[in-house]
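Chains A and B are the protein sequences, given in the same order. Position one of the first sequence corresponds to residue 29 (my numbering), numbered consecutively onward. Position one of the second sequence corresponds to residue 29 (my numbering), numbered consecutively onward. Down below is the structure, laid out as structure tokens.
Number of protein chains: 2
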Amino acid sequence: MNDVTAPPARDLLATTLACTLAQDHVADIVETLNDQDTGTVANVLLDLPFERAVEVLDQPELVEAAEALSLLPDQRAAAFLSAMSADRVADVFQDMREPVRERLIAQVDHETRSALTRLLAYPEHSAGSIMTTEFVSVPNSWTVAQTLDHIRHVERSRETVYAIYVLSPVTKALETAVPLRRLISGDPEAPVASVVAARKPIRVTPDVDREDVARLISKYNLLAVPVVDASERVIGIVTVDDVIDAMIAETTEDVQKLGGMEALDEPYNEISFIRMIRKRAGWLSILLVGEMLTASAMQYFQDELEKAIVLTLFIPLIMSSGGNSGSQATSLIIRALALREISLKDWWRVALRELPTGLTLGAILGAIGIMRIVTWQKLGIFDYGEHWVLIAATVGAALLGIVTFGSLVGSMLPFILKRLGFDPASASAPFVATLVDVTGLVIYFGVAAFILRGTLL
Amino acid sequence: MNDVTAPPARDLLATTLACTLAQDHVADIVETLNDQDTGTVANVLLDLPFERAVEVLDQPELVEAAEALSLLPDQRAAAFLSAMSADRVADVFQDMREPVRERLIAQVDHETRSALTRLLAYPEHSAGSIMTTEFVSVPNSWTVAQTLDHIRHVERSRETVYAIYVLSPVTKALETAVPLRRLISGDPEAPVASVVAARKPIRVTPDVDREDVARLISKYNLLAVPVVDASERVIGIVTVDDVIDAMIAETTEDVQKLGGMEALDEPYNEISFIRMIRKRAGWLSILLVGEMLTASAMQYFQDELEKAIVLTLFIPLIMSSGGNSGSQATSLIIRALALREISLKDWWRVALRELPTGLTLGAILGAIGIMRIVTWQKLGIFDYGEHWVLIAATVGAALLGIVTFGSLVGSMLPFILKRLGFDPASASAPFVATLVDVTGLVIYFGVAAFILRGTLL
Numbered sequence: 029m030n031d032v033t034a035p036p037a038r039d040l041l042a043t044t045l046a047c048t049l050a051q052d053h054v055a056d057i058v059e060t061l062n063d064q065d066t067g068t069v070a071n072v073l074l075d076l077p078f079e080r081a082v083e084v085l086d087q088p089e090l091v092e093a094a095e096a097l098s099l100l101p102d103q104r105a106a107a108f109l110s111a112m113s114a115d116r117v118a119d120v121f122q123d124m125r126e127p128v129r130e131r132l133i134a135q136v137d138h139e140t141r142s143a144l145t146r147l148l149a150y151p152e153h154s155a156g157s158i159m160t161t162e163f164v165s166v167p168n169s170w171t172v173a174q175t176l177d178h179i180r181h182v183e184r185s186r187e188t189v190y191a192i193y194v195l196s197p198v199t200k201a202l203e204t205a206v207p208l209r210r211l212i213s214g215d216p217e218a219p220v221a222s223v224v225a226a227r228k229p230i231r232v233t234p235d236v237d238r239e240d241v242a243r244l245i246s247k248y249n250l251l252a253v254p255v256v257d258a259s260e261r262v263i264g265i266v267t268v269d270d271v272i273d274a275m276i277a278e279t280t281e282d283v284q285k286l287g288g289m290e291a292l293d294e295p296y297n298e299i300s301f302i303r304m305i306r307k308r309a310g311w312l313s314i315l316l317v318g319e320m321l322t323a324s325a326m327q328y329f330q331d332e333l334e335k336a337i338v339l340t341l342f343i344p345l346i347m348s349s350g351g352n353s354g355s356q357a358t359s360l361i362i363r364a365l366a367l368r369e370i371s372l373k374d375w376w377r378v379a380l381r382e383l384p385t386g387l388t389l390g391a392i393l394g395a396i397g398i399m400r401i402v403t404w405q406k407l408g409i410f411d412y413g414e415h416w417v418l419i420a421a422t423v424g425a426a427l428l429g430i431v432t433f434g435s436l437v438g439s440m441l442p443f444i445l446k447r448l449g450f451d452p453a454s455a456s457a458p459f460v461a462t463l464v465d466v467t468g469l470v471i472y473f474g475v476a477a478f479i480l481r482g483t484l485l
Numbered sequence: 029m030n031d032v033t034a035p036p037a038r039d040l041l042a043t044t045l046a047c048t049l050a051q052d053h054v055a056d057i058v059e060t061l062n063d064q065d066t067g068t069v070a071n072v073l074l075d076l077p078f079e080r081a082v083e084v085l086d087q088p089e090l091v092e093a094a095e096a097l098s099l100l101p102d103q104r105a106a107a108f109l110s111a112m113s114a115d116r117v118a119d120v121f122q123d124m125r126e127p128v129r130e131r132l133i134a135q136v137d138h139e140t141r142s143a144l145t146r147l148l149a150y151p152e153h154s155a156g157s158i159m160t161t162e163f164v165s166v167p168n169s170w171t172v173a174q175t176l177d178h179i180r181h182v183e184r185s186r187e188t189v190y191a192i193y194v195l196s197p198v199t200k201a202l203e204t205a206v207p208l209r210r211l212i213s214g215d216p217e218a219p220v221a222s223v224v225a226a227r228k229p230i231r232v233t234p235d236v237d238r239e240d241v242a243r244l245i246s247k248y249n250l251l252a253v254p255v256v257d258a259s260e261r262v263i264g265i266v267t268v269d270d271v272i273d274a275m276i277a278e279t280t281e282d283v284q285k286l287g288g289m290e291a292l293d294e295p296y297n298e299i300s301f302i303r304m305i306r307k308r309a310g311w312l313s314i315l316l317v318g319e320m321l322t323a324s325a326m327q328y329f330q331d332e333l334e335k336a337i338v339l340t341l342f343i344p345l346i347m348s349s350g351g352n353s354g355s356q357a358t359s360l361i362i363r364a365l366a367l368r369e370i371s372l373k374d375w376w377r378v379a380l381r382e383l384p385t386g387l388t389l390g391a392i393l394g395a396i397g398i399m400r401i402v403t404w405q406k407l408g409i410f411d412y413g414e415h416w417v418l419i420a421a422t423v424g425a426a427l428l429g430i431v432t433f434g435s436l437v438g439s440m441l442p443f444i445l446k447r448l449g450f451d452p453a454s455a456s457a458p459f460v461a462t463l464v465d466v467t468g469l470v471i472y473f474g475v476a477a478f479i480l481r482g483t484l485l
């Protein structure tokens, strides 16, 4: 036995914890363990009854599972891993370091190992990568009574028994899915498939994205979706609680991307300083470089700036209004695309809708902008010079143009990203703002040149 | 019978549709009907078999349920409503116009009406408002066999039978929850509660927010959570599919708020122009008024601006970097708060983390900013004047200060909003950017005054 895997000395804390925790709900045990160091977690796992420890390890919420298992004697770790559900074992192995990982993979039982090899081959975030291989299936020749009897036997080792998959006895292809609730009220002697209307069940292939699986489960109010291979054989199921976890992870990703950064992929509390900087500095630098175009644009308009320094006062205000209207439109469209309320081909309908919306919003903001200048001038708070009426008109017209432009760009950007094969959620508020800023300046100075030519300019 | 409720003339389209749809999955029927006008939907409901029509109406995804029911003869509509699940009826009535609503409420059966009165009294987005009153409960004196027999009888009229609530026969208080999977493998003659470990089940009161219900269901991997009153009597259950719908709605709200607008509360495709403008114009106007402080700040620095017009070139770039770093920090913290990774009391730990993060990010951006000025000057692309080294230093130092400040403000704003009782998700990217912009200008001109005093200023 290797040194690395020597069990840590059992400590009193771990034993006491194990005693107290044995009665708790498994989710609460996990919460307590997540606050402990890895050594304590490993000791608690040794002190808990075996079945209970497996239950705890089966929770995806247990953060240090891989590290804790690495600290246990190989034999014990392998026993735990063989008893855990295959999809969870796959996750744990992905977090585990070599050489422990390789050594443990060699020691888990045959069934777990072959399930593992398949699961690890599926792309990240696919149905295959989140599915469990522990489900109930029976041949269509069985009766209701036979099936119920089978469920009673395997109940404890299956993630869900609420959907039973009925297979062709010859090809093993999926024929139908029978909910347990129908089964228990069916005639015991009738064939198992007779309790439901004959209909191909909703099913997915292993490469389907977890977001699409979530959509199906939510649309059809399912408790699980079977995952089938090319010959329609069931190779696993995705259950509703896997989907909820996936939905929460997707939402976190989307919100972080919308904030203008890469998705962290780990809790804010736990990510290291270096990784946090990496996830945030990239987009910030890209946006800064993009925003440098504003400096170039302003260098281009330097003559106008020198003649009419008063114009600079409104640059931040006008640019941010464009960014804000763009960020609104982007978040609306990202969400509508995610919910499939609209699809790629609807881009022109959205554009036709955002155009009048942007014009109206721009008119409202333009009016507020004009009111501000008029009020400050009339009340004597600030003197915008003899051409203050023209300046007010310039600011009003620029706001109208920029807000309209911002709404259009903000609403079209997610479509363009999706069309180019990127995640539309990458169209973050800062990204849109940066895109709109440069054009916003050009619009502002264009409007100013038109209105103020011959007076200020 | 009233004119308003006269059924629309049956059209061929509706009859054909009903025929085709009768075999489809109910979620697919709903999808097809959502593309039809209300008259056709009403006719299809009349043409479908009664049970099937009820199933269709029971789907929360059917947008025009209230309008279609209003078009049907009162008697038929009341029959549908009485057969539908009470929580869905409550939703439908909330969308229905008077006087049809009042007339139909009077005609639904007694059971539905009393459930309805209770459901409509709960606050929006609470467990009470999304719960269903159709669940299975049995007294603790029953045996496993008795309970299974009962389930067989009521199965078709209950939203879920996978959790059976065991009550005290005297007080009717909830004692435990028994999953059906355990029940079917239990000894038929044993008391129903004997198949699980005695433990108070996870439960909520009706005023608990739907987000917290979702968190419990996700944490404990439940299929349903019972809702209990003050005496621990079960008054309803929230099922996992209600929770998924609620999670999707919450995510939509959060994304839209993060984009800097009020949550739409209806699909992008279906909201009217006026309502869309209302939801978007409010925040845009508030942000514009806030952003006017930048004009005031720049008026204050007018002397400096006139002396060193070259400083204006970098205003957009510097301000947007502050906004971007703030928006990153805000979206991170909003999400970490929503996931309960951090709580209100962790604000100082977050601040201590964001300070070095902001300084590092600011140093990176500051370096990029300096490089840009040096490169442009050296390559002769633009001449920043004789003091270009000092200008580069000013821009670099300002970026460092503003990005640090942005990260701090962006991370603290959600805490402040939460502390004041607002939704932390209201701390939108545009809101943070506006907050940071004004201070950003002050920092920029402060740094400039310090570095350029005696040369340019």
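Yeah, the Cβ is synthetic: ideal placement off N, Cα and C, and Gly gets one too.
- Here the C-alpha atom of Phe478 (chain A) lies approximately 14 Å from the C-alpha atom of Val417 (chain A).
- Contact annotation for Phe342 (chain B) against chain A: Ala323 [CB-CB distance below 8 Å, chain order].
- Leaving aside the five residues that flank Gly413 (chain A) on each side, the residues in its chain whose CB is nearer than 7 Å to its CB run, in chain order, Val338.
- Taking Ser196 (chain A) as reference, the option from A:Ser259, A:Ser213, A:Leu208 with the minimal CA-CA separation is A:Ser259.
- Around the beta-carbon of Glu92 (chain A), 16 or more other beta-carbon atoms lie within 10 Å, marking it buried.
- Nearest neighbour of Ser157 (chain A) by Cα position, chosen from A:Ser185, A:Asp177, A:Asp115, A:Val198, turns out to be A:Asp115.
- Of all residues in the segment 180 to 198 of chain B, only Arg180, Glu183, Val189, Tyr190 come within less than 7 Å of chain A when Cβ atoms are compared, listed by chain position.
- Closest option to Thr66 (chain A), judged by alpha-carbon separation, among A:Phe433, A:Glu95, A:Arg80: A:Glu95.
- About 19 Å separates the Cβ atoms of Asp282 (chain B) and Pro151 (chain B), ruling out a contact at the 8 Å cut-off.
- Across the set B:Ile444, B:Leu97, B:Thr388, B:Leu341, the C-alpha of B:Ile444 shows the shortest separation from the C-alpha of Trp376 (chain B).
- For a Cβ distance threshold of 7 Å, residue set Asp269 of chain B lies close to Asn249 (chain A), ordered along the chain.
- Setting aside the 5 residues that flank it on each side, Tyr472 (chain A) is surrounded in the same chain by Ile346, Ala426, each with a C-beta closer than 6 Å to its C-beta; the list follows chain order.
- In this structure, Val58 (chain A) sits near Gln87 (chain A), with a CB-CB distance shorter than 8 Å.
- What Tyr296 (chain A) touches in chain B, judged by beta-carbon distance under 7 Å, is Leu360, Ala364, Glu369, Ile370, going in chain order.
- In this structure, Ile265 (chain B) sits near Phe163 (chain B), with a CB-CB distance shorter than 8 Å.
- When the five nearest sequence neighbours on each side are left out, the beta carbons in the same chain lying within less than 8 Å of the beta carbon of Leu436 (chain B) are those of Ala357, Ala379, Glu382, Leu383, Gly386, in order along the chain.
- Taken through DSSP and simplified to helix, strand or coil, Ile471 (chain A) comes out as helix.
- Leu441 (chain A) and Leu463 (chain A) have their alpha carbons spaced roughly 10 Å apart.
- One finds Ser359, Leu360, Arg363 in chain A with Cβ atoms closer than 7 Å to the Cβ of Gln284 (chain B), taken in chain order.
- The Cβ of Thr161 (chain A) sits no closer than 8 Å to any Cβ of chain B.
- Flagged as an interface residue toward chain A: Glu334 (chain B), by a C-beta distance shorter than 8 Å.
- Restricting attention to A:Pro101, A:Met112, A:Ser359, the CA atom closest to the CA of Gly288 (chain B) is found in A:Ser359.
- In terms of Cβ geometry, Ala252 (chain A) and Ala191 (chain A) form a close pair [threshold 8 Å].
- In the structure shown, the three-state DSSP call for Asp237 (chain B) is strand.
- Burial of Met124 (chain A) is indicated by the presence of at least 16 other C-beta atoms within 10 angstroms of its C-beta.
- For Phe450 (chain B), the closest Cβ of chain A is not nearer than 8 Å.
- Proximity to Val466 (chain A) across A:Ser142, A:Ile419, A:Ala325 peaks at A:Ala325, based on C-alpha coordinates.
- Around the CB of Lys247 (chain B), 16 or more other CB atoms lie within 10 Å, so the residue is classed as buried.
- Nearest in C-alpha terms to His178 (chain B), of all of B:Ala455, B:Thr204, B:Ile343, B:Leu211, is B:Leu211.
- For the C-beta of Ser213 (chain A), the chain B residues within less than 7 Å are, from N- to C-terminus, Arg180, Glu183.
- Rounded to whole angstroms, the separation of the alpha carbons of Leu365 (chain A) and Thr483 (chain B) is 54 Å.
- In chain order, Pro344, Leu345, Ser348, Ser349 make up the part of chain A whose C-beta sits under 8 Å from the C-beta of Glu319 (chain B).
- Rounded to whole angstroms, the Cβ separation of Pro229 (chain A) and Thr204 (chain A) is 6 Å, and the two are in contact under 8 Å.
- Judged by DSSP in its simplified three-state form, Val253 (chain B) adopts strand.
- Less than 8 Å separates the beta-carbon of Leu132 (chain A) from that of Ala105 (chain A).
- Judged by DSSP in its simplified three-state form, Thr267 (chain A) adopts strand.
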